[in-house]
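Undergrad:
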Amino acid sequence: MTIHNTSQPVLFFDGACNLCNRFVQFVIRHDREKIFLFASLQSVAGHQMLEKLKTGGQKIPDSVILSFRDHYYLQSDAALQLLRLLGGGWKLLYGLTIIPRFIRNGAYNLIARNRYKWFGKRDACMVPTAELRARFLE
115 MTIHNTSQPV
125 LFFDGACNLC
135 NRFVQFVIRH
145 DREKIFLFAS
155 LQSVAGHQML
165 EKLKTGGQKI
175 PDSVILSFRD
185 HYYLQSDAAL
195 QLLRLLGGGW
205 KLLYGLTIIP
215 RFIRNGAYNL
225 IARNRYKWFG
235 KRDACMVPTA
245 ELRARFLE
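Under this note's numbering, the first residue of the sequence shown is numbered 115, with each subsequent residue one higher.
(1) Identify which residue in 215, 203, 177 has its Cα closest to the Cα of residue 144.
(2) Tell me the DSSP bridge mates of residue 185?
(3) Can you tell me the Cβ-Cβ gap for residue 167 and residue 186, rounded? I've got them flagged as a contact below 8 Å.
(4) Should the segment 217 to 227 be called in touch with the segment 241 to 251, which here means at least 3 C-beta pairs below 8 Å?
(5) Name, in chain order, the residues that DSSP records as bridge partners for residue 221.
(6) Pull up the distance between the alpha-carbon of residue 243 and that of residue 139, whole angstroms please.
(7) Applying the criterion that 16 or more other CB atoms from any shown protein chain within 10 Å of the CB defines a buried residue, is residue 125 buried or exposed?
(8) Can you give the beta carbon distance from residue 133 to residue 233, rounded, assuming they're within the 8 Å contact cut?
(9) May I ask you to report which of helix, strand or coil DSSP gives residue 117?
If you want it as structure tokens, here you go:
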């Protein structure tokens, strides 16, 4: 499955990052409707996404990107939009968008820059279970 053939939200993440992998596990646990698809940035779909952003002149993040309905959310916007789509009480956190983006992204970038040091790094990307494999793009 390629990234442009779906209307479902796709969470692209750094497959080597422990924090990013924990975030994916969090989303899987709380995604009761199973609307989210996932792809590591190291996968073919992840490389396609990065190339698409490069040709669009976007700053290329290396931690999390959310793709939904032909829109790409980066940095804190990706996390907050994802929580909104997750629904339930999590969508209340979307209210944090009232904080100016430069402040939100400053905090996000501080964590992203130090994520390997603070949370560790994997030698290989997460391997989904057979049950979850259909929700992961190659």
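Ideal Cβ placement from N, Cα and C applies to all residues, glycine included.
TA: Let me lay it out:
(1) Sequence index remark: in the sequence shown, residue 144 carries index 30 (1-based). Distances from the alpha-carbon of residue 144 to those of 215, 203, 177 put 203 closest.
(2) For this step, residue 185 is matched to residue 71 along the sequence shown. Under DSSP, the beta-bridge partners assigned to residue 185 are 182.
(3) Your numbering for residue 167 matches position 53 in the sequence shown. Your numbering for residue 186 matches position 72 in the sequence shown. Right, their Cβ atoms sit about 6 Å apart.
(4) Too few Cβ pairs lie closer than 8 Å, so no.
(5) The residue given as residue 221 occupies position 107 in the sequence shown. DSSP lists no partner for residue 221.
(6) Along the sequence shown, one-based indexing puts residue 243 at 129. Along the sequence shown, one-based indexing puts residue 139 at 25. Approximately 12 Å, taken between the alpha carbons.
(7) The residue labelled residue 125 in the question sits at position 11 within the sequence shown. Buried: at least 16 other Cβ atoms inside 10 Å.
(8) Reading the sequence shown from its first residue, position 19 is the one you call residue 133. Reading the sequence shown from its first residue, position 119 is the one you call residue 233. That pair is a contact at about 4 Å.
(9) Here residue 117 refers to the residue found at position 3 of the sequence shown. Here the model assigns residue 117 a pLDDT of 45, short of 50, so the residue's position is not dependable and the matter cannot be decided.
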